[in-house]
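Residue numbers (the numbering used here), protein chains in the order written: chain C, -6 to 307; chain D, 644 to 930; chain E, 266 to 516.
Here you go:
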């Protein structure tokens, strides 16, 4: 574990000083997206990687975070940071409501159920006028400040905010791995009945993992709303986004601490750059590339790309 | 109003047969090797594109190109098995899920790259137009699609129950080891299951292309429908999928008619959740 | 009866038309070693599953330290103090020996450092000190069975249900298992052993309960049970039992 930490600290330092040299706003945007997706994927990794419960609906938490903040700000003038807190609470609520019945389902049934729940949410939000239905919500423009969680002259403050969130996510992940929760999740993933025979309440621990996952995803939703200043169902709750979160974790290394970070650094540039440089000619090429990556990793290297960097892991 | 209601019912039942056909391949594959083919809907999309291009490039009506598309999809299914599925037959579930998801994205990516996101439609086919049956107006293509689906489902059911190869497949689905002891090559049976499963989706795609828009994402809605059908009918049960298909078709149109068209997808999904919590084995499921 | 640590009272368990356990009753005092024997299919593992609540009995009661546990779930049972191993050994595939034991130790030691310390202690008792970082799946079958017992022991149980712990072991390994069971008893644990390996169980059991076709057919000390006609009949067939009985009577 110690070697991981050294790499991590070095890495964070580099990320922290990059903005000082950054002139290109687009590059800044890509890095922000990478860090945001890395944070969310770390969130997915907690439930999907550590606990082994493959969720294809985590984007729902992103949407709840974004919409809660937006609605509270727009209709009740609630500060976005408080809105973020509210979003977290609602996301955990959703996690509990969905998890309680769904965690009794085995494997495939659970995965499909998460797809169903995610899609139900999209249908609801697309038809709900209070949150703008299909059109969505344009965030009220506030004066630029940290308390207002809005910046208009530069992306760099957003960069540092998401960097801190990523740090928090990694720290949470690290503490889980080193604690009883982490060990119990590994046991639950490996052999649920064996885990129960050793006194582990598997429902409770899955729920805890899912709630942590929800919070880490929800704060990114809030961040996204304040960053892009416009949200609607297909940008915040899409099934494809849920799938991307899983893919990022898989590519980088499921169940590994830095897996999602590595995965995000591979996946997001691939997606964004093919879109920009190949344009409509290259539509679909990024999908072809990363789908082949996913398939190859799933067949040959289930530990993901992170395994290439860390030899002799634990 | 009564006329519209009957109209709705009929269209629900008709599309239900097609859902059953799409689901039958999914349930066969799961029944035999415990793998959920998340990419199932994408093969439908591929079949629809094939039918479309056969029409545009060679002027073939979808009904005529149907056998061709079916054979092509059969081959595609067998290739999928040997290239992607065989390596992960015994892999952990996580890997299996991600491989089929990978195939989903791969197929969709290829479609998007080759044919862009435009919505396409075959303008005029042999089965265009409506027909009046006992006061109910039904699109001829929908009727033909339903008939085709019933025939195909029936063929598959007959194959599994009455032919030696079909019974061998059922044996492998029940107990791979014992089947092997009796000389049945499970590897070939698996490949056959994939071939037949994907071919049946090919038939469905051909039939649908007469009256449905063709675009890269068309597979995803049908795929979810197919999952609901399989869950409702019972994972692994072919007759279950048939009955469940009709039920899902009815739930879809009735919830659209009685409540709101934009919400009908949600009700089908709620049906899935309901089945899976209350009676996970569905109507006739085994596991 | 109040000194009984576990009371199995008329327990019945059915699977569809098959009655796997029919009105089974027996009780145990603290510190005893009870043997549960019987031919294959007699219902021994089913009974274990009922006591450890992996199944819930359809009829009857199970009382542990005065509390009824019939309808509880396996994790609660473990927390209350009943631990069990499985007939087919199950290891955590991606964990090493130390981590496996830690999963058990975490029950009473929520903090990682303490759990690790306790696990190293337990590993010492079970002779794993030089194998702490080996992958659990790389151990021999007999070592894996021992690890399973160690894991359960780390949860701090008062009763341990050991399911065919000695199956497939050689003479030397059986002797080690017997010593292990005796050491567990010295540490105050009540033990129920399901076994087919008679030379492992008969020398150490206080009492033996015999099941056949789902019913209890005999209970007593090992000596009593060995000479019980019904028991002989269950294992060797009624004809043999009758012949043996006649021979002893004639003599």
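Backbone N, C-alpha and C fix where the C-beta goes; we use that ideal spot for every residue, glycine too.
What are the start and end residues of the alpha helix (DSSP H) that includes residue i?
{"i": "residue 114 of chain C", "result": "100 to 119"}
{"i": "residue 34 of chain C", "result": "18 to 37"}
{"i": "residue 238 of chain C", "result": "232 to 245"}
{"i": "residue 495 of chain E", "result": "494 to 501"}
{"i": "residue 84 of chain C", "result": "73 to 95"}
{"i": "residue 378 of chain E", "result": "377 to 390"}
{"i": "residue 54 of chain C", "result": "52 to 69"}
{"i": "residue 825 of chain D", "result": "That residue, residue 825 of chain D, is in no alpha helix (DSSP H); it is neither H nor E in DSSP."}
{"i": "residue 743 of chain D", "result": "736 to 758"}
Is the CB-CB distance between residue i and residue j below 7 Å?
{"i": "residue 865 of chain D", "j": "residue 665 of chain D", "result": "yes"}
{"i": "residue 81 of chain C", "j": "residue 211 of chain C", "result": "yes"}
{"i": "residue 47 of chain C", "j": "residue 56 of chain C", "result": "no"}
{"i": "residue 119 of chain C", "j": "residue 226 of chain C", "result": "yes"}
{"i": "residue 173 of chain C", "j": "residue 375 of chain E", "result": "yes"}
{"i": "residue 53 of chain C", "j": "residue 234 of chain C", "result": "no"}
{"i": "residue 857 of chain D", "j": "residue 703 of chain D", "result": "no"}
{"i": "residue 279 of chain C", "j": "residue 289 of chain C", "result": "no"}
{"i": "residue 370 of chain E", "j": "residue 391 of chain E", "result": "no"}
{"i": "residue 363 of chain E", "j": "residue 312 of chain E", "result": "no"}
{"i": "residue 406 of chain E", "j": "residue 389 of chain E", "result": "no"}
{"i": "residue 723 of chain D", "j": "residue 837 of chain D", "result": "yes"}
{"i": "residue 885 of chain D", "j": "residue 663 of chain D", "result": "yes"}
{"i": "residue 253 of chain E", "j": "residue 348 of chain E", "result": "The structure shown does not extend to residue 253 of chain E, since chain E is modelled only from 266 to 516, so the question has no answer here."}
{"i": "residue 459 of chain E", "j": "residue 309 of chain E", "result": "yes"}
{"i": "residue 410 of chain E", "j": "residue 354 of chain E", "result": "yes"}
{"i": "residue 175 of chain C", "j": "residue 245 of chain C", "result": "no"}
{"i": "residue 272 of chain E", "j": "residue 325 of chain E", "result": "no"}
Closest to residue i by CA distance: which of the options is it?
{"i": "residue 726 of chain D", "options": "D:710, D:745, D:714", "result": "D:745"}
{"i": "residue 288 of chain E", "options": "E:476, E:362, E:354", "result": "E:476"}
{"i": "residue 228 of chain C", "options": "C:16, C:44, C:105, C:131", "result": "C:131"}
{"i": "residue 318 of chain C", "options": "C:164, C:217, C:203, C:90", "result": "In the structure as shown, chain C begins at -6 and stops at 307. Residue 318 of chain C is therefore absent and cannot be evaluated."}
{"i": "residue 506 of chain E", "options": "E:494, E:407, E:339", "result": "E:494"}
{"i": "residue 711 of chain D", "options": "D:722, D:696, D:724, D:723", "result": "D:696"}
{"i": "residue 881 of chain D", "options": "D:850, D:793, D:849", "result": "D:793"}
{"i": "residue 192 of chain C", "options": "E:391, E:445, E:422, E:385", "result": "E:422"}
{"i": "residue 768 of chain D", "options": "D:854, D:740, D:775", "result": "D:854"}
{"i": "residue 1 of chain C", "options": "C:251, C:270, C:10, C:293", "result": "C:251"}
{"i": "residue 802 of chain D", "options": "D:651, D:671, D:777, D:654", "result": "D:671"}
{"i": "residue 325 of chain C", "options": "C:3, C:270, C:207", "result": "For chain C, the structure presents residues -6 to 307; residue 325 of chain C sits outside this window and is missing."}
{"i": "residue 366 of chain E", "options": "E:381, E:359, E:268", "result": "E:381"}
{"i": "residue 127 of chain C", "options": "C:253, C:282, C:231", "result": "C:231"}
{"i": "residue 688 of chain D", "options": "D:890, D:764, D:660", "result": "D:764"}
{"i": "residue 253 of chain C", "options": "C:27, C:-2, C:16", "result": "C:27"}
Following the continuous beta strand (DSSP E) through residue i, name the residue where it begins and the one where it ends.
{"i": "residue 780 of chain D", "result": "779 to 782"}
{"i": "residue 773 of chain D", "result": "773 to 776"}
{"i": "residue 348 of chain E", "result": "347 to 349"}
{"i": "residue 271 of chain E", "result": "269 to 280"}
{"i": "residue 286 of chain E", "result": "283 to 294"}
{"i": "residue 300 of chain E", "result": "298 to 302"}
Give the residues of chain B in contact with residue i, contact being defined as C-beta atoms less than 9 Å apart.
{"i": "residue 177 of chain C", "result": "Among the protein chains of the structure shown, namely C, D and E, there is no chain B."}
Can you give me, in chain order, the residues of the region 179 to 212 of chain C that have a beta carbon less than 8 Å from any beta carbon in chain E? 179, 180, 183, 184, 186, 187, 188, 189, 190, 191, 192, 193, 194, 195
Extract the residue ranges of the alpha helix (DSSP H) inside the region 666 to 704 of chain D, only unbroken runs of 4 or more that lie entirely within it. 683 to 701
Using a beta-carbon distance cut-off of less than 9 Å, what residues from the region 379 to 397 of chain E approach chain C? 380
Chain E contacts from the region 161 to 174 of chain C (Cβ-Cβ distance under 8 Å): 171, 172, 173
Select from the region 357 to 370 of chain E all residues with a C-beta closer than 8 Å to any C-beta belonging to chain C, and list them in chain order. 357, 358, 359, 360, 364, 367, 368, 369
Where are the alpha helix (DSSP H) runs, 4 residues long or more, that stay fully inside the region 142 to 203 of chain C, in chain order? DSSP runs (the alpha helix (DSSP H)) wholly in the region 142 to 203 of chain C: 149 to 171, 173 to 183, 185 to 190.
Pull out every residue of the region 904 to 929 of chain D whose Cβ sits closer than 8 Å to any Cβ of chain C, in chain order. Only those residues of the region 904 to 929 of chain D whose C-beta falls short of 8 Å from the nearest C-beta of chain C are listed: 905, 906, 908, 909, 912, 913, 915, 916, 919, 920, 923.
Name the residues in the region 136 to 156 of chain C whose C-beta lies less than 8 Å from a C-beta of chain E; which are they? none
By the 7 Å beta-carbon criterion, what residues does the region 399 to 412 of chain E contribute toward chain C? none
What residues from the region 312 to 338 of chain E come within 8 Å of chain C, judged by C-beta to C-beta, listed N to C? Cβ contacts with chain C come from 317, 319, 338.
Counting only Cβ-Cβ distances shorter than 8 Å, please list the residues of the region 758 to 773 of chain D near chain C, keeping chain order. Answer in chain order: 759, 760.
Given a limit of 9 Å on CB to CB distance, which residues of the region 27 to 47 of chain C reach chain E? none
Taking Cβ-Cβ distances below 7 Å as the criterion, which residues of the region 80 to 106 of chain C are in contact with chain D? 94, 98, 100, 101, 102, 104, 105, 106
Chain E contacts from the region 49 to 82 of chain C (Cβ-Cβ distance under 9 Å): none
For the region 270 to 281 of chain C, list every residue whose C-beta sits within 8 Å of some C-beta in chain D, in sequence order. 273, 275, 276, 277, 278, 279, 280, 281
Which ranges would you report for the alpha helix (DSSP H) in the region 411 to 452 of chain E if only whole runs of at least 4 residues count? 436 to 451
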